[in-house]
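Residues in the sequence shown are numbered from 0 upward in steps of one, following numbering that gives the first Met the number 0. Heads up, the thing below is written out as structure tokens.
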Amino acid sequence: MASQDKGPGKGPGGKQPTINDVAALAGVSKKTVSRVINRSEFLTEKTRATVEKAIEQLGFVPNPQARALAFRRNFLIALLHDNPNAQTVLNFQRGVLDAIKDSDLALLVRPVDRGSDKMLDDVRTFLEKQRPIGAMLLPPISENDDLAALCEDLGVRYIRIGSARIDDTKHCISSNDREVVAEAVRGLVALGHRRIGFVRGPVGFRSAAEREEGFREALAEAGLDLPAEFFAPGNYRYTAGIEAGEALLSLSAPPTAVFCSNDEMAAGVMSVAHGKGIKVPGELSIIGFDDSPTATHIWPALSTVRWPIREMGIRAAQTLVPDFLGPGAKGGSDDDNVLASTFVERQSVAAPPRR
């Protein structure tokens with residue numbers, strides 16, 4: 000009787016193919032097959048191609064549990080954050096998922112409490128229990144050197160996200176907040192604005208400090224010395240923008256422009272302006288930071304700085320786990336791990352009113 004074709008996904012006797020079947024068909028050892036599956040660099044292209052052809056011919060599907068045991072890690076990337084801006088976390092998460100969509104990896108999102116004296120203990124317990132291959136740290140906890148050292152101690156790869164470079168390139172994806180804020184404020188000055196308010200970000204956030212430094216640099220270049228009441232506190236939330244707007248726009252000589260450290264607070268300031276009958280941008284120009292959906296969901300559409308947070312998520316994954324993302328992925332260099340923010344001009348900025 001003629002033998003029947005077992006078809007893909009069937010080994011000897013019609014059973015599911017095993018790693019041993021792949022090794023036998025390719026004429027290599029089981030260990031070599033394992034190295035191909037786990038994308039080891041210590042193989043010739045000829046050997047890799049032979050094994051991959053055998054895998055495809057047999058329809059072999061590697062056992063994820065077995066791979067996890069071999070690596071002593073689960074095929075997880077942990078995203079750790081304590082960020083008041085949910086949109087930032089979501090956009091970064093989307094970038095990571097874009098990068099790992101064709102891999103065996105999964106993303107595990109874990110909020111932490113940076114204000115807790117047990118934060119490091121909680122993170123240690125979490126990492127030891129979940130055994131991820133790597134951890135991504137969003138600001139502001141990315142600025143915690145002890146947290147990075149904890150990952151190092153546990154043998155967990157890590158990448159830190161920041162508004163400035165806070166680690167060496169293999170451990171950091173950063174943006175140029177200070178420079179782009181200074182550029183945006185120079186634009187306000189060029190339009191003729193001399194009374195420019197500023198809504199700060201949260202105390203202790205490196206992003207808040209970098210954005211204020213950029214603001215102050217542009218003022219210094221223009222020879223502007225603004226009163227302290229032009230600097231309003233903020234925390235990246237809409238309600239903080241409302242409070243800042245009330246304070247700034249109630250001054251006897253209010254600013255003709257306001258730079259807000261994020262879009263949510265800019266929306267709050269704009270709401271106050273509308274409530275007071277102040278025309279935007281005819282009487283008040285407003286700039287935000289992030290280029291979140293909020294920027295185009297309010298009227299007039301908000302001029303803002305686009306923070307490339309989704310692209311930072313993609314680059315973070317490529318830098319953290321290039322060996323799990325296929326031959327096209329590679330870690331970043333000094334140049335490509337700094338992603339430039341850009342100013343997006345919309346309808347909320349104009350020259351100041353003539354007095």
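From the three backbone atoms N, C-alpha and C, an ideal C-beta is built for every residue, glycine too.
Cβ-Cβ separation between Phe230 and Asp262: approximately 19 Å, too far for a contact (criterion under 8 Å). In the three-state DSSP reduction, Phe323 falls in the helix class (H, G or I). For Cys171, the pairing in a beta bridge is given by DSSP as Arg159.
At a Cβ-Cβ threshold of 9 Å, Ala239 and Val257 do not count as neighbours.
Taking every protein chain shown into account, the CB of Gln92 has 16 or more other CB atoms within 10 angstroms, so this residue is buried. Of all alpha-carbon atoms in Arg113, Val111, Arg194 and Phe59, the one lying nearest the alpha-carbon of Glu282 is that of Arg194.
Per DSSP, Asp103 has no beta-bridge partner at all.
Two segments are said to touch when three or more pairs of C-beta atoms, one from each, lie closer than 8 Å; by this definition the stretch 164-180 touches the stretch 204-213. With distances taken between CA atoms, Gly196 lies nearest to Glu228 out of Val320, Glu228, Val279 and Thr87. Under the 8 Å Cβ criterion, the stretch 142-154 does not count as touching the stretch 274-281, having fewer than three qualifying pairs. For Arg113, same chain residues with a beta-carbon under 8 Å away, outside a window of 5 residues either side, are Asp81, Pro139, Ile140 and Asn143 in chain order. Per DSSP, the continuous beta strand (DSSP E) segment holding Leu136 begins and ends at Gly133 to Leu136. The beta carbons of Arg130 and Leu75 sit closer together than 9 Å. In terms of CA proximity to Ile297, Ile286 leads the group Trp306, Arg205 and Ile286.
Judged by their CB atoms, Ile172 and Ala315 are nearer to each other than the 9 Å cut-off. Beyond the five residues adjoining it in sequence on each side, Pro253 comes within less than 7 Å, by CB distance, of Leu247 in the same chain, given in chain order. If only uninterrupted alpha helix (DSSP H) runs of at least 4 residues are considered, those enclosed by the stretch 179-261 are 205-220 and 237-248. Per DSSP, reduced to three states, the secondary structure at Phe91 is helical. With 16 or more neighbouring CB atoms inside 10 Å of its own CB, Asn234 falls in the buried class. According to the DSSP assignment, Leu24 belongs to the alpha helix (DSSP H) that extends over Ile18 to Ala25.
Rounded to the nearest whole angstrom, the C-alpha separation of Leu190 and Ala300 is 19 Å.
A direct Cα-to-Cα measurement between Gln86 and Val32 gives close to 42 Å. In this structure, the alpha-carbon of Thr17 lies about 31 Å from that of Arg156.
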